[in-house]
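**Q** Quick one: structure below, then a few questions.
2 protein chains.
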Amino acid sequence: MPNDDDLFEKLRIELRRGSLILAVLGALRVERYGYTLRASLEEAGLPIEEGALYPLLRRLEAQGLLTSEWREEGKRNKRFYRLSADGTRVLGQLLEEWNSISDSILRLTERKQ
Amino acid sequence: MPNDDDLFEKLRIELRRGSLILAVLGALRVERYGYTLRASLEEAGLPIEEGALYPLLRRLEAQGLLTSEWREEGKRNKRFYRLSADGTRVLGQLLEEWNSISDSILRLTERKQ
DNA sequence: GAATTGTACTGTGTGACATACACTATGCGG
DNA sequence: CCGCATAGTGTATGTCACACAGTACAATTC
Numbered sequence: 047m048p049n050d051d052d053l054f055e056k057l058r059i060e061l062r063r064g065s066l067i068l069a070v071l072g073a074l075r076v077e078r079y080g081y082t083l084r085a086s087l088e089e090a091g092l093p094i095e096e097g098a099l100y101p102l103l104r105r106l107e108a109q110g111l112l113t114s115e116w117r118e119e120g121k122r123n124k125r126f127y128r129l130s131a132d133g134t135r136v137l138g139q140l141l142e143e144w145n146s147i148s149d150s151i152l153r154l155t156e157r158k159q
Numbered sequence: 047m048p049n050d051d052d053l054f055e056k057l058r059i060e061l062r063r064g065s066l067i068l069a070v071l072g073a074l075r076v077e078r079y080g081y082t083l084r085a086s087l088e089e090a091g092l093p094i095e096e097g098a099l100y101p102l103l104r105r106l107e108a109q110g111l112l113t114s115e116w117r118e119e120g121k122r123n124k125r126f127y128r129l130s131a132d133g134t135r136v137l138g139q140l141l142e143e144w145n146s147i148s149d150s151i152l153r154l155t156e157r158k159q
C-alpha cells in the first residue's frame with residue numbers, strides 16, 4: 047500500500063531516468079571505469095544501481111557512443127570507458143535537447159497560462 | 047537497421063520521458079481538457095501522443111495528483127482535469143528534484159573533471 | 001582469517017511510453 | 001446532404017529500460 051512518500055519516490059525515480067544517459071555520457075568525456083564512474087555520478091547527485099549502469103554502458107558501447115578497454119591498473123583488471131567521437135557529437139545534440147526540454151518545463155510551470 | 051538519426055531519436059525520446067509528468071502537472075494548475083492540454087504541451091515544445099497522454103492522466107488521477115470532471119461545454123462533452131492539493135504539493139517537490147537533476151547534469155557536462 | 005571495500009556483472013519483473021487503431025460528434029464546403 | 005477536416009476521448013499491444021536482488025572474486029585491513 048503506497049503512501050505519499052512512496053508515490054513521490056516513484057515519480058522521482060521516473061524523473062531521473064532520462065537524465066542518466068546524459069549524465070553517463072557527460073562523465074565519460076574523461077576516461078573512467080565502472081566503479082569510479084558510479085562514484086562520480088553519485089557525487090554529482092545522480093546515484094545509479096550497478097544493475098542499471100553496466101547494461102547501460104554496454105548498450106551505449108553497442109550503439110557506438112563509447113569505447114571500452116580492459117586494462118590492468120593498481121594490480122586489478124578494470125574496464126575503462128571513454129566517449130567516442132560519435133558519442134561526443136550525440137552528447138552535444140542531447141544537451142541541446144535537454145535545454146529545450148528545460149525551457150518547456152519552465153514555460154509550463156513558472157507561468158500560469 | 048538504425049542509422050545515426052534513429053539512434054538520436056531514440057535517445058531523445060528517452061530523455062523526454064521523465065519530463066512528461068512534470069509538464070502535465072504544471073499545465074494542469076489551470077483546468078484543461080485532454081485536447082487542449084495536448085495542444086498546450088505541443089506548443090510548449092513537448093508533443094505527446096494521445097495513447098501516452100490519456101493513460102498518464104488516468105494514472106495521475108488514480109494516484110490522487112489530479113481530479114477530473116465530465117462536463118458539457120460548447121455542445122460537446124469533455125473531461126476536464128485539474129491539479130489536486132496533493133498534486134500541487136508533489137509538483138513542488140518534483141520541481142525541486144528537477145532543478146537538482148539539472149544542476150547535476152551541468153556539473154557533469156560543463157566541466158571536465 | 002574475517003570483515004570490508006573494490007570491481008564487474010546477470011536475471012527477472014514491472015512499468016511506461018510509442019505506435020497504431022477505434023470510435024463519435026461537429027462544422028463546413030460544394 | 002454528403003464528404004472531409006477537425007475536435008475529442010479513448011484502447012491494445014509491443015518494446016525497452018531500469019530497479020532490485022543477486023553472484024562472483026580480488027585486495028586490503030584488522
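Here the protein sequences come in this chain order: A and B.
For the first sequence, this note's numbering gives the first residue as 47, with consecutive numbering after it.
For the second sequence, this note's numbering gives the first residue as 47, with consecutive numbering after it.
Positions of the beta carbon are idealized from the N, C-alpha and C atoms, including for glycine.
Note that the coordinates shown come from a computational prediction; the quantities given were computed from them, not determined experimentally.
Only counting the same chain, and skipping five residues up and downstream in sequence, which positions put a Cβ closer than 8 Å to that of Ala-98 of chain B?
**A** Taking the second sequence and counting its residues from 1, one reaches residue 98 of chain B at position 52. Answer for Ala-98 of chain B: Leu-66, listed in chain order.
**Q** So is Gly-133 of chain A buried or exposed if we call it buried at 16+ other beta carbons inside 10 Å?
**A** By one-based count along the first sequence, residue 133 of chain A stands at place 87. Burial call: buried.
**Q** On a CA-only basis, which of A:Leu-87, A:Lys-56, A:Leu-83 is nearest Asp-149 of chain B? Give me that one, please.
**A** Against the second sequence, residue 149 of chain B aligns to sequence position 103. Nearest C-alpha to Asp-149 of chain B: A:Leu-87.
**Q** How many whole angstroms separate the CB atoms of Leu-92 of chain B and Ala-69 of chain B, which I take to be in contact at a CB cut-off of 8 Å?
**A** Counted from its first residue, the second sequence places residue 92 of chain B at position 46. Counted from its first residue, the second sequence places residue 69 of chain B at position 23. About 5 Å; that satisfies the 8 Å criterion.
**Q** Would you give the residue range spanned by the alpha helix (DSSP H) that Ser-114 of chain B belongs to?
**A** As a first step, residue 114 of chain B must be located in the second sequence, where it is residue number 68. First-last for Ser-114 of chain B: 112–119, but that is the beta strand (DSSP E), not the alpha helix (DSSP H).
**Q** Taking all protein chains shown into account, do 16 or more other C-beta atoms lie within 10 angstroms of the C-beta of Trp-116 of chain B, making it buried, or fewer, making it exposed?
**A** Position 70 of the second sequence, counted from the first residue, corresponds to residue 116 of chain B. The residue in question, Trp-116 of chain B, is exposed, as its Cβ has fewer than 16 Cβ neighbours within 10 Å.
**Q** Classify Leu-74 of chain A as helix, strand or coil using the three-state DSSP reduction.
**A** Residue 74 of chain A sits at position 28 when you count from the first residue of the first sequence. Leu-74 of chain A: coil per DSSP, three-state reduction.
**Q** Give me the Cα-Cα distance between Glu-95 of chain A and Leu-83 of chain A, rounded to the nearest whole angstrom.
**A** As a position in the first sequence, residue 95 of chain A is number 49, starting the count at 1. As a position in the first sequence, residue 83 of chain A is number 37, starting the count at 1. Going by the C-alpha atoms only, they are around 11 Å apart.
**Q** Have a look at Leu-61 of chain B and Glu-156 of chain A and give me their C-alpha separation to the nearest angstrom.
**A** As a position in the second sequence, residue 61 of chain B is number 15, starting the count at 1. As a position in the first sequence, residue 156 of chain A is number 110, starting the count at 1. Straight-line Cα distance between these residues: approximately 21 Å.
**Q** Evaluate Gly-72 of chain A with the Cβ neighbour count: other Cβ atoms within 10 Å of its Cβ, from every protein chain shown; 16 or more gives buried, anything less gives exposed.
**A** As a first step, residue 72 of chain A is located in the first sequence; it is residue number 26 there, counting from the start. Its Cβ being crowded by 16 or more others within 10 Å, Gly-72 of chain A is buried.
**Q** Quick check: is the beta carbon of Ala-108 of chain B nearer than 8 Å to any beta carbon in chain A?
**A** By 1-based counting over the second sequence, the position of residue 108 of chain B is 62. Chain A contact via Cβ: absent.
**Q** Going along chain B in order, which residues have a C-beta closer than 8 Å to the C-beta of Ser-146 of chain A?
**A** Within the first sequence, the letter at position 100 stands for residue 146 of chain A. Result: Gly-91.
**Q** Quick check: what's the CA-CA separation for Tyr-79 of chain B versus Tyr-127 of chain B?
**A** Numbered from its first residue, the second sequence carries residue 79 of chain B at position 33. Numbered from its first residue, the second sequence carries residue 127 of chain B at position 81. Tyr-79 of chain B and Tyr-127 of chain B: Cα-Cα distance of roughly 6 Å.
**Q** Under 8 Å, Cβ to Cβ, is there at least one residue of chain A near Arg-104 of chain B?
**A** Position 58 of the second sequence holds residue 104 of chain B. Chain A, which has no Cβ nearer than 8 Å to the Cβ of Arg-104 of chain B, makes this no.
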